[in-house]
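Report on the structure given below.
Residue numbers (our numbering): 1194 to 1444.
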């Protein structure tokens, strides 16, 4: 029986439930996804213990960047493991389309991302005293969208890796340029014009911009709405591309 192409909610939720059951038996992966961003924020706060203003300046940005990076790593490796073990080939031989599989993974890791983002945001705002002018709920929204973007990017690049090592190697190519150009280290308008133009098409730039909007504005701004819509649209686009490029097994 061949895989169906129509997206089905029952098949998608069944896939998500299977992924969550697998994660439940993998405490190291759960710790990486949920605890590492919190630990990194905690360390960052006390690295700048003598300069709380510095933590306020970059803490909100990293609140979005850390979940993106961890979800990218975990999702790319987990999806590749499914393919190299032959699980993916067996699943796609059933009435399960590529869209169902990608959507199921996105739903499962998205559920984890909710927990991850809530813990990281709560830690930063209520325990580490991140000074935020806007609503912490908006910080949580951006952190969640960033984590979903990391999930989408991880699902997409896993199609081009033949081993877990290769999946990790995609991080310098996909994540590091965005990290350097997102405005974390210097304002994007202070960069060389060519680099500024490149940063304008990278989704992490809008993730950082969205966090900074919440950091400095009490109310919703047009710029904030633009930023979160771009991050969400890119995540959806990358998930669609991931479904189109998904391979049954590694070459």
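Yeah, the Cβ is synthetic: ideal placement off N, Cα and C, and Gly gets one too.
If you're wondering where the values come from, they're calculated on a predicted model, not measured in any experiment.
>> Distance check for residue 1381 and residue 1397, CA to CA, integer angstroms please.
In response: The residue labelled residue 1397 in the question sits at position 204 within the chain shown. The residue labelled residue 1381 in the question sits at position 188 within the chain shown. For residue 1397 and residue 1381, the distance between alpha carbons rounds to 12 Å.
> Under 8 Å between the Cβ atoms of residue 1345 and residue 1428?
Replying inline: Mapped onto the chain shown, residue 1345 falls at position 152. Mapped onto the chain shown, residue 1428 falls at position 235. Yes; because the gap between Cβ atoms is below 8 Å, this pair is in contact.
> In whole angstroms, what separates the C-alpha of residue 1250 from that of residue 1312?
Replying inline: Translated into the one-based positions of the chain shown, residue 1250 becomes position 57. Translated into the one-based positions of the chain shown, residue 1312 becomes position 119. Taking the straight line joining both Cα atoms gives about 20 Å.
> Just curious, the alpha helix (DSSP H) that residue 1410 is in, first and last residue?
Replying inline: Position 217 of the chain shown, counted from the first residue, corresponds to residue 1410. In the DSSP assignment, residue 1410 falls outside any alpha helix (DSSP H) and carries neither an H nor an E.
> Can you tell which of 1365, 1295, 1388 has its C-alpha closest to the C-alpha of residue 1374?
Replying inline: Within the chain shown, the letter at position 181 stands for residue 1374. Selection 1365, 1295, 1388 evaluated against residue 1374 yields 1388 as nearest (Cα-Cα).
> So what's residue 1354 in DSSP terms, helix, strand or just coil?
Replying inline: By 1-based counting over the chain shown, the position of residue 1354 is 161. The answer is coil: DSSP assigns residue 1354 none of H, G, I, E or B.
> What span of residues does the alpha helix (DSSP H) with residue 1368 cover, start to end?
Replying inline: Numbered from its first residue, the chain shown carries residue 1368 at position 175. Counting along the chain, residue 1368 falls outside any alpha helix (DSSP H), and DSSP gives it neither H nor E.
> I think residue 1140 touches residue 1407, with their Cβ atoms under 8 Å apart; what is that distance to the nearest whole Å?
Replying inline: This structure cannot settle anything about residue 1140, because the visible part of the chain is limited to 1194 through 1444.
>> Can you list, in chain order, the residues of its chain with a C-beta nearer than 8 Å to that of residue 1206? Leave out the 5 residues immediately preceding and following it.
In response: Translated into positions along the chain shown, residue 1206 becomes position 13. So the list reads 1297, 1300, once near-sequence residues are dropped.
>> To the nearest angstrom, how far is the alpha carbon of residue 1261 from that of residue 1433?
In response: Position 68 of the chain shown holds residue 1261. Position 240 of the chain shown holds residue 1433. One alpha carbon belongs to residue 1261, the other to residue 1433, and they sit about 18 Å apart.
>> Looking only at its chain, what residues have a beta carbon closer than 7 Å to the beta carbon of residue 1444, apart from the 5 residues adjacent to it on each side?
In response: Translated into the one-based positions of the chain shown, residue 1444 becomes position 251. Legend: pLDDT at residue 1444 = 47, less than 50; position of this residue unreliable, no value from coordinates given.
> Can you list, in chain order, the residues of its chain whose CB lies under 8 Å from that of residue 1227, leaving out five sequence neighbours each side?
Replying inline: For the purposes of this step, residue 1227 is taken as the residue at position 34 of the chain shown. So the list reads 1305, 1308, 1309, 1312, once near-sequence residues are dropped.
>> Helix, strand or coil for residue 1194? Go by DSSP, reduced to three states.
In response: Position 1 of the chain shown, counted from the start, is the residue given in the question as residue 1194. The pLDDT assigned to residue 1194 is 40, lower than 50, so where the model puts this residue is not dependable; a value taken from the coordinates is nonetheless given after this. Coil at residue 1194, not helix or strand.
> From residue 1377 to residue 1317, what does the alpha carbon distance come to, in whole angstroms?
Replying inline: Stepping through the chain shown from its first residue, residue 1377 is reached at position 184. Stepping through the chain shown from its first residue, residue 1317 is reached at position 124. Straight-line spacing of the CA atoms in residue 1377 and residue 1317 works out to 17 Å.
> By a C-beta neighbour count over all protein chains shown, 10 Å radius and 16 as the cutoff for buried, is residue 1264 buried or exposed?
Replying inline: As a first step, residue 1264 is located in the chain shown; it is residue number 71 there, counting from the start. Its Cβ being crowded by 16 or more others within 10 Å, residue 1264 is buried.
> Near residue 1399, what residues of its chain come up, given a Cβ to Cβ distance below 7 Å and the 5 sequence neighbours on each side ignored?
Replying inline: Residue 1399 sits at position 206 when you count from the first residue of the chain shown. Short of 7 Å from the beta carbon of residue 1399, and not among the five residues preceding or following it, lie these beta carbons of its own chain, in chain order: 1420, 1423, 1424.
>> Let me check understanding here. Comparing Cα to Cα, which of 1213, 1256, 1223 lies closest to residue 1523?
In response: Because residue 1523 is not part of the residues shown, which for the chain are 1194 to 1444, the question remains open.
>> If you reduce the DSSP assignment to three classes, tell me which class residue 1378 lands in.
In response: Numbered from 1 along the chain shown, position 185 holds the residue referred to as residue 1378. Looking at residue 1378 - three-state DSSP - the assignment turns out to be coil, as it is neither helix nor strand.
>> Among the candidates 1292, 1293, 1340, whose CA atom is the shortest distance from the CA of residue 1314?
In response: Start at 1 with the first residue of the chain shown, and residue 1314 comes out as number 121. Out of 1292, 1293, 1340, 1340 has the C-alpha closest to the C-alpha of residue 1314.
> In three-state terms, what does DSSP make of residue 1269?
Replying inline: As a position in the chain shown, residue 1269 is number 76, starting the count at 1. Residue state, collapsed to three classes: helix.
> Would residue 1497 pass as a contact of residue 1223 if the rule is Cβ separation under 8 Å?
Replying inline: Outside the modelled stretch of the chain, which goes from 1194 to 1444, sits residue 1497, for which no answer is possible.
> Are residue 1360 and residue 1270 touching if we call contact CB-CB under 8 Å?
Replying inline: Here residue 1360 refers to the residue found at position 167 of the chain shown. Here residue 1270 refers to the residue found at position 77 of the chain shown. Closer than 8 Å, so yes.
> What are the start and end residues of the alpha helix (DSSP H) that includes residue 1240?
Replying inline: Along the chain shown, one-based indexing puts residue 1240 at 47. Taken as a continuous stretch (DSSP letters only), the alpha helix (DSSP H) holding residue 1240 covers 1220 to 1240.
>> Starting from residue 1293, trace the alpha helix (DSSP H) in both directions and tell me its first and last residue.
In response: Against the chain shown, residue 1293 aligns to sequence position 100. Secondary structure note for residue 1293: its alpha helix (DSSP H) is the uninterrupted segment 1291 to 1315.
> Roughly how many whole angstroms lie between the Cα atoms of residue 1194 and residue 1370?
Replying inline: Position 1 of the chain shown, counting from 1, holds the residue named residue 1194. Position 177 of the chain shown, counting from 1, holds the residue named residue 1370. With a pLDDT of 40 at residue 1194, under the threshold of 50, the predicted position of this residue should be treated as unreliable, and no value is reported.
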